Structure formats: C-alpha cells, structure tokens
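Engineer: Under this note's numbering, residues 33 to 370 are what the sequence shown spells out, in order.
From the three backbone atoms N, C-alpha and C, an ideal C-beta is built for every residue, glycine too.
In this text the structure is predicted, and so the values were computed from the model without any measurement.
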Amino acid sequence: MKKYKIAAIAGDGIGPEVVGEGLKMMRHIAELDGTFSFEITEFPWVCDYYLETGRMMPEDGIKTLSGFDAIFRGAVGRPDVPDHISLWDLLLRIRKSFDQYVNLRPVKLLHGAPCPLKDVKREDIDMLFVRENSEGEYAGSGSWLFKGKPNEVVIQDGVFSRVGCERVIRYAFELARKYGKKLTSISKGNALNYSMVFWDQIFNEIKEEYPDVQTESLLVDAASMFMVRQPERFQVVVTSNLFGDILTDLGAAISGGMGLAAGAHINPERKYPSLFEPIHGSAPDIAGKNIANPLATFWSVSQMMDHLGYEEWGKLIIDVIEELFSERGMLTPDLGGS
Ligand code: NAD
Ligand code: IPM
Ligand code: MN
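(1) Under 7 Å from any heavy atom of the ligand MN, does the C-beta of residue 115 make it?
(2) Thinking residue 280 and residue 311 are a contact (beta carbons under 8 Å), I'd like their distance in whole angstroms, please.
(3) How far does the beta strand (DSSP E) with residue 360 in it extend, from its first residue to its last?
(4) Among 246, 263 and 201, which residue has its Cα nearest to the Cα of residue 235?
(5) Measuring CB atoms only, is the region 120 to 139 touching the region 188 to 205, in the sense that at least three cross pairs come out at less than 8 Å?
(6) At a threshold of 7 Å, does residue 124 count as lining the ligand IPM (C-beta to nearest heavy atom)?
(7) Looking at the ligand IPM, does it come within less than 7 Å of residue 41, judged from the CB to the closest heavy atom?
(8) Residue 36 by DSSP, collapsed to three states: which one?
(9) When you compare only the Cα positions, how much space is there between residue 95 and residue 245?
(10) Is residue 97 buried or exposed, if buried means 16 or more other CB atoms sit within 10 Å of its CB?
(11) Counting along the chain, where does the beta strand (DSSP E) carrying residue 188 start and finish?
(12) Leaving out five residues before and five after residue 222 in sequence, what residues of the same chain have Cβ atoms less than 7 Å from its Cβ?
(13) Between the region 147 to 161 and the region 285 to 294, are three or more C-beta pairs nearer than 8 Å?
(14) Just to confirm, is the Cβ distance from residue 352 to residue 54 under 8 Å?
(15) Starting from residue 158, follow its DSSP beta bridges and name the residues at the other end.
(16) I need the DSSP call for residue 297, collapsed to helix, strand or coil.
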C-alpha cells in the first residue's frame, strides 16, 4: 500500500480548529480508498513554540520537513508576537526553502455559496490565480538605516529575476493551454518602472511561444475593479507575489468569503514538498469560539489530493462542499449557518 508522509502544523488562533477537521477528512479518504494511507506527523511550530524557544521552528526544521511528501498547515499569527517574525521564520521560510514558486489559488463560486455581487451567475466567477511565490515584493531584501534617528530611512526592494518571472509565467501559460482558457497577466508597469516593465516584457516574450492561448494584460488597479464589475473576464491569472496576495483576498470576498478560499504552494519540479493551506489567517477575532469555517481547509485537502495524483478525490471534495450548500443544514455562521 502506498504511504504518504504528511507534516502537519496546526497554526495559531483558528488554525488548529480547521486543520483538525482537514486531518479527519484526510484519514477518512484514505480509509475509503484503501489503496493508500497517510502517515501524519504533527509539529508544534506555532507562536507558543516561539514564546518558549525564541524561534518558530528548530534550526534543522527545514531539513526535517524535506523528508515529507507534503505539508499541511493552518495559519500562524498571534497579537502578542510580531507578524513579520512569526511569518518570516516559518511560512515564508518554508515557501522559499522549498522553492514553492507557484501559489495556486482558485477563485470559484460554488453552487450555493454566498456572493455579494449582483446578478452574477455561478459560472461567471471561475478563476485560477497563479501567484508568483518566491521573490518579487516578498524577496525580503532591504535595509533600515539610521534607526530611531530623525533621518531614518527604510528600503524594501522588489526583486524580479528573469528566471523567477519566466518560470511562473510559463507555468501559467501551460495551465491555460491545458484547460483551453484565457490567461490574464496583472502588473503595474506604468508606476513600477523597473520591476513591472520587466514583468510585462517577459510576459510578452513568452506569449510568442503560445500563439494558441488568448491573453490579456491589465494594470492591477483596473484589474481589481474588473474582478468586481466583470468577474467573467478572468480565467487563468498570473501575477506577482504581493498583487496575488491582495487580489486573492478580494477573490475570496466575491466567492463565498475567507472561509472558502484555499491555496497550494507548489514546487512544480517536486524536488521539495509542496504546502497546502487555506489562504485566511489565524482570525483572532473568532478564535476559540468553534465557529471557524473549515471548508477552505477541505478545499486545500482537495488541492493536495490533486497534487498527489488523486484528482477524483480532489473533485469529490469540491462536490461534497457543494452538497453541504444545497443541504444548508451544516454551515458555519459566516455562511449563514449556526
Ligand atoms: P484573517 O484572514 O485571519 O481574518 C480576516 C477576517 O476573515 C476576520 O474577520 C476573520 O474572522 C475572517 N475569517 C478568516 N478565516 C475564517 C474562517 N475560516 N471562517 C470564518 N471566518 C474567517 O486575516 P487577519 O485578521 O488580517 O490576520 C490575522 C493573523 O493571521 C495575522 O497575524 C496575520 O499575519 C496572520 N495570517 C497568517 C496567514 C498564514 O499563516 N497563512 C495568512 C494570513 C494571515
Ligand atoms: C497569505 C498570507 C501570507 C502572504 C502572509 C501571512 C505572509 O497573507 O498566505 O495570503 O502574504 O503570503
Ligand atoms: Mn494573504
């Protein structure tokens, strides 16, 4: 029997509440399938661990995780630990160390999910965001000069490498070709006169290799407006790290809310484990109340099943979520349930 080694990190706030449900689902799927099993190892690398040890994970944490087939995670972040520490020392370290340069985030309105937009049909909101996930605005490069002095200066670099842009844009073109979908590139070359001009240039270069793929290039400000006014305009979307972060929370808002939005952080070469987690945070405002919506986490399990080669299970999970909507008996308060 095939065995998959899964590393689980429950996270802070609502993280453990939703990850616990996701793990139950994974175990249940393995039981029903009968041809594979999950060996799940949980790691306590959350803010409590930081407050005890001064680190979010042990020094050899990345080496430990490299032995797993996939990582399954809930959000970290707690009001008494600075966010840039909890996130840079764990989540962003994992994404970068394992070269998970593709972040796949579906923005899809499921049948029965609440949508705040007027006159929108289910099929009008069906996007797949390919977010650059290894560099760009999240390169972590910069400096803090003359700290605390009147002439204090802070510099945060955006780092856009040719290799980094080409690989994620090519990945998005391949997806668009595979599904016969249009590809939209979202950037901001009019203001970011180095990084985004370069991004647009590379997008146009690679476009030449895919004459069969219909494309559109949009500026991020207009794109965010069109996501609300004309969501049907978007199918596969490729964009930078920060724009992808922001636009997918907007995407969550128009397709059922944060409790339904999932993301997969993929190392396409499969040299390292990929990471699966909902896109929402630790939601301190509702933590501990047992009302967190676990459906985004289920959707992440679906993405993990796809990645491991069990696309039928992946699809079944989405069908089950839609069934919950049609039954309307078992939903969390954010979806109008109790
Ligand atoms: P958030 O996503 O945690 O919450 C935004 C709003 O959405 C809140 O009102 C919250 O209650 C609601 N919400 C989120 N998930 C929900 C769910 N499953 N069910 C029902 N409602 C849900 O964003 P935030 O408040 O900006 O961030 C809180 C903390 O999480 C911060 O420390 C932030 O840095 C961290 N964060 C971590 C990750 C991660 O580790 N992957 C991702 C995003 C934010
Ligand atoms: C996300 C989160 C992270 C990001 C933060 C917590 C660093 O917002 O996964 O969307 O910006 O990538
Ligand atoms: Mn985010």
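Structural biologist: With the given structure in hand:
(1) The residue you call residue 115 lines up with position 83 of the sequence shown. In this structure, the ligand MN has no non-hydrogen atom nearer than 7 Å to the beta-carbon of residue 115.
(2) If you number the sequence shown from 1, residue 280 lands on position 248. If you number the sequence shown from 1, residue 311 lands on position 279. About 6 Å separates the CB atoms of residue 280 and residue 311; that is less than 8 Å, so the two are in contact.
(3) As a first step, residue 360 must be located in the sequence shown, where it is residue number 328. For residue 360, there is no enclosing beta strand (DSSP E), as DSSP gives it neither H nor E.
(4) Counted from its first residue, the sequence shown places residue 235 at position 203. Checked all of 246, 263 and 201; the closest Cα to residue 235 is 201.
(5) When Cβ pairs closer than 8 Å are counted between the two stretches, the region 120 to 139 is seen to touch the region 188 to 205, the count reaching three or more.
(6) Counted from its first residue, the sequence shown places residue 124 at position 92. For the ligand IPM, at least one heavy atom lies less than 7 Å from the Cβ of residue 124.
(7) Along the sequence shown, read from residue 1 onward, the residue named residue 41 stands at position 9. With a threshold of 7 Å, the Cβ atom of residue 41 does not count as near the ligand IPM, since no heavy atom of the ligand is closer than that.
(8) On the sequence shown, residue 36 is found 4 positions in, with the first residue counted as 1. Under the three-state reduction of DSSP output, residue 36 falls in the strand class.
(9) For the purposes of this step, residue 95 is taken as the residue at position 63 of the sequence shown. For the purposes of this step, residue 245 is taken as the residue at position 213 of the sequence shown. The straight-line gap from Cα to Cα measures roughly 40 Å.
(10) Looking up residue 97 in the sequence shown gives position 65. Residue 97 comes out buried.
(11) The count along the sequence shown starts at 1 and reaches residue 188 at position 156. Run containing residue 188: 185 to 188, per the beta strand (DSSP E) assignment.
(12) For the purposes of this step, residue 222 is identified with residue 190 of the sequence shown, where counting begins at 1. Excluding positions up to five away in sequence, the list reads 251.
(13) Flag = yes, the region 147 to 161 and the region 285 to 294 touch.
(14) By one-based count along the sequence shown, residue 352 stands at place 320. By one-based count along the sequence shown, residue 54 stands at place 22. Result no, Cβ atoms of residue 352 and residue 54 do not sit closer than 8 Å.
(15) In the sequence shown, residue 158 corresponds to position 126, counting from 1. DSSP lists 140 as the beta-bridge partner residues of residue 158.
(16) Against the sequence shown, residue 297 aligns to sequence position 265. Collapsing the DSSP output to three states places residue 297 in a strand.
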